[in-house]
Ligand code: ARG
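Numbering (this note's numbering), first residue to last: 16 to 480.
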C-alpha cells in the first residue's frame, strides 16, 4: 500500500523502500493514528466535505482496523508491508471499506498526522510517567518519615562533612524528583495544541474546523502556524531533557546505594530478592539493580543527544530526518516506564543500618564545625574559631582521639579560651552528633522538626496529585 504512486513510472527499489520505512517502530502509534483519523473524518462530515454515509463507513472501518491491529503481536505479523503506520492504517481501511477509504486523507497530510500522533502518544505516556514520579516521591517520603532521627554522615567531595539524618538526605532526592515532575508536566502543557489541519506545510484550502478537532482530541487550541506545526519537535526535546534529569537523579541515588552497599561503607543491606551473586566468587552480593539504573542514564542521555543533533540545522518545514525522532523517544519512554517502578520497589528492599551510619558520623570529626560554632558563640570571631577547631582536630588526629575526648587541660592550649571559660558538660553536649543535627533548626535544615514539616508539605503535594 503506497500513498503516492501517480507521479512515478517505476517502483521504489526494494532496499530503498525498506530503508525508507518506519513501520517497524512507528507501528506502536496505531491507536493514536486511528484516533486522529476518527476525529478528522467526523470533522470532514460536519463541514460537508464528505458525506454522512462516508463517515459512518470510515468510522466502522477504522474500528475494525483497530481491533485487527490489537491482535497483532509485533510489526512482523502485520498483514502487509507499508511505508509507515499512516499508510498501513489507510491500506487496511481500504481492505475493509473499499475506495471510500481514500476520502479520509482529504485535507490532511502525513506531516500533520505524524505531528499529531506523537503528541497524542507522549501526552498519554507522559501522564503515566507523572504518576510514577509521584509514587517514587511517596515511597521516599515514607522511608524518610521513619528516619527523622537516623544520624548519618553528610558528605561534600565524598569526604565526611557534617552530621545529617537519613530523612534529610532522602528528602533532598525527593525534591529533585518533584522538580522533574514539574518539568515533565510543563513539557506536556507545551504540546497542548493540535497540528491537525496544517497539511503538508501550508494548511489546506478546505474549510476545516480546526477548533473542533482540537477540542475533540482534548487540546486547548489548534496550532498557530502550519509551517511551525509540522516541523515542531521542541516538545520531544523537552521531554528527552526531562527524561535526562530523571535519569540523572536516579543515577545519583543509585551511585550512593552502590557505595553504601560496599563493605567499606556498610550503611545498607539489600534484600536477597533484589541483589545478585557472582558466578565465581561465592561471597559476592552485588547491587546490580542500582548499577543498571545508573548505566541506563547513559542511554537516555544518548537519546537526548541524538534528537538534538537531528533537529539542529533542519530547514523548514518537514524533512524526512524527523522520522529519526521516534526510536529514541520510544526507547526513552520504555526505559523510564521500566526504571521508575523498579526503583521504587528496590527502595523497599533496602534495609538501612542506623548504628553503622551513626558510628561513621561520630568518627570523622564531623562535629568540628560544632566546636568552631561553640567558640564563635563565646564571642570569638568565626575565622579564629575555625582555625582553633582545626588545631584541635589535628591534635585529636595525632593522638587518635575524638574531639570530645581531648582533656580539658589540653583544650586550653588549643583553643583561645581558658579552662574556666569552658563548661565541660555544655561543650560535650554541643559536640554530640544529635545536637549537631537538632541545632540546625532553621527552614531547610536537618533538625527533625524541620524535616517533619518538609515531610508534611511533601505529603500534601502527593495527595493533590
Ligand atoms: N514516517 C514519517 C515520519 O515518521 C511520517 C511522515 C512522512 N511524511 C512524508 N512526507 N514522507 O516522519
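For glycine and all other residues, C-beta sits at the position ideal for the given N, C-alpha and C.
DSSP three-state call for residue 126: helix, strand or coil? The residue you call residue 126 lines up with position 111 of the chain shown. Three-state DSSP puts residue 126 in a helix.
List the whole-angstrom C-beta distance separating residue 219 from residue 122, where the pair is believed to meet the contact cut-off of C-beta under 8 Å. One-based indexing of the chain shown puts residue 219 at position 204. One-based indexing of the chain shown puts residue 122 at position 107. About 4 Å separates the Cβ atoms of residue 219 and residue 122, confirming a contact at the 8 Å cut-off.
Whole angstroms is fine: what's the gap from residue 391's alpha carbon to residue 164's? If you number the chain shown from 1, residue 391 lands on position 376. If you number the chain shown from 1, residue 164 lands on position 149. Near 26 Å, if we compare the C-alpha coordinates of residue 164 and residue 391.
Please find out if some non-hydrogen atom of the ligand ARG comes closer than 7 Å to the beta-carbon of residue 247. As a working note, residue 247 is residue 232 in the chain shown. Checking the Cβ of residue 247 against the ligand ARG gives no.
State yes or no: is the C-beta of residue 383 within less than 8 Å of the C-beta of residue 355? What you label residue 383 is simply residue 368 of the chain shown in a count that begins at 1. What you label residue 355 is simply residue 340 of the chain shown in a count that begins at 1. Against a cut-off of 8 Å, the Cβ pair of residue 355 and residue 383 comes out as no contact.
Need the endpoints of the beta strand (DSSP E) that residue 380 sits in, please. Taking the first residue of the chain shown as 1, we reach residue 380 at position 365. For residue 380, there is no enclosing beta strand (DSSP E), since its DSSP letter is neither H nor E.
Residues in the same chain with beta-carbon distance under 7 Å from residue 153, minus the five sequence neighbours each way, listed in chain order, please. Within the chain shown, the letter at position 138 stands for residue 153. Within the same chain, residue 153 has close Cβ partners 477.
Give the DSSP bridge partners of residue 301, in chain order. Position 286 of the chain shown, counted from the start, is the residue given in the question as residue 301. Answer by DSSP bridge pairing, in chain order: 291.
How many Å lie between residue 397 and residue 329 at the Cα? Mapped onto the chain shown, residue 397 falls at position 382. Mapped onto the chain shown, residue 329 falls at position 314. Taking the straight line from one Cα to the other gives about 58 Å.
Segments of 3+ residues assigned as beta strand (DSSP E) that fall wholly inside the stretch 293 to 367: Taken in chain order, the complete beta strand (DSSP E) segments of 3 or more residues contained in the stretch 293 to 367 are 365 to 367.
Checking 8 Å against the spacing of the C-beta atoms, do residue 196 and residue 232 come in under that value? Position 181 of the chain shown, counted from the start, is the residue given in the question as residue 196. Position 217 of the chain shown, counted from the start, is the residue given in the question as residue 232. No, these two residues do not count as a Cβ contact at 8 Å.
Measure the alpha-carbon distance for residue 242 versus residue 205 and round it to whole angstroms. In the chain shown, counting from the first residue as 1, residue 242 sits at position 227. In the chain shown, counting from the first residue as 1, residue 205 sits at position 190. Approximately 17 Å between the Cα atoms of the pair.
8 Å Cβ shell around residue 264 - same chain, five flanking residues per side excluded: The residue labelled residue 264 in the question sits at position 249 within the chain shown. 188, 191, 192 and 195.
Looking only at its own chain, which residues have a Cβ that is under 8 Å from the Cβ of residue 254, when we skip the five neighbours before and after it? What you label residue 254 is simply residue 239 of the chain shown in a count that begins at 1. Taking residue 254 as the centre and dropping the five residues before and after it, the same chain places the C-beta of 137, 141, 199, 202, 344 and 347 closer than 8 Å to its C-beta, in chain order.
Drop a sphere of 10 angstroms on the beta-carbon of residue 324, count the other beta-carbons inside from all chains shown, and report buried for 16 or more, exposed for fewer. By 1-based counting over the chain shown, the position of residue 324 is 309. With a threshold of 16 other beta carbon atoms within 10 Å, residue 324 falls short and is exposed.
Would you tell me roughly how many angstroms separate the C-alpha atoms of residue 334 and residue 317, rounded to the nearest one? Locating residue 334 in the chain shown gives position 319, where the first residue counts as 1. Locating residue 317 in the chain shown gives position 302, where the first residue counts as 1. Cα to Cα, the separation comes out at about 22 Å.
Comparing the CB of residue 123 with every heavy atom of the ligand ARG, is any distance shorter than 7 Å? What you label residue 123 is simply residue 108 of the chain shown in a count that begins at 1. It does not: the Cβ of residue 123 is nowhere closer than 7 Å to a heavy atom of the ligand ARG.
Boundaries of the alpha helix (DSSP H) in which residue 175 is found, first to last residue: Position 160 of the chain shown, counted from the start, is the residue given in the question as residue 175. Per DSSP, residue 175 lies in no alpha helix (DSSP H) segment; the continuous beta strand (DSSP E) that holds it begins and ends at 174 to 180.
Just checking, does the stretch 31 to 45 make contact with the stretch 84 to 103 on the three C-beta pairs under 8 Å criterion? Yes: at least three Cβ pairs fall under 8 Å.
Determine the DSSP secondary structure at residue 169, reduced to helix, strand or coil. Taking the chain shown and counting its residues from 1, one reaches residue 169 at position 154. Note: residue 169 maps to strand in three-state DSSP.
With a CB to CB cut of under 6 Å and the five nearest residues on each side skipped, what residues in its chain are close to residue 176? Position 161 of the chain shown holds residue 176. The residues are 169 and 170.
Span separating the alpha-carbon of residue 4 from that of residue 106: An answer regarding residue 4 cannot be provided, because it is not within the stretch 16 to 480 covered by the chain.
Where do the ends of the beta strand (DSSP E) carrying residue 285 lie? In the chain shown, the residue the question calls residue 285 occupies position 270. Residues 283 to 285.
What did DSSP end up calling residue 433 once you bin it into helix, strand or coil? As a working note, residue 433 is residue 418 in the chain shown. In the three-state reduction of the DSSP assignment, residue 433 falls in the coil class, being assigned neither a helical nor a strand state.
Is residue 461 buried or exposed, if buried means 16 or more other CB atoms sit within 10 Å of its CB? Position 446 of the chain shown, counted from the start, is the residue given in the question as residue 461. Sixteen is the threshold: when 16 or more other Cβ atoms of the shown chains lie within 10 Å of the Cβ of residue 461, as they do, the residue is buried.
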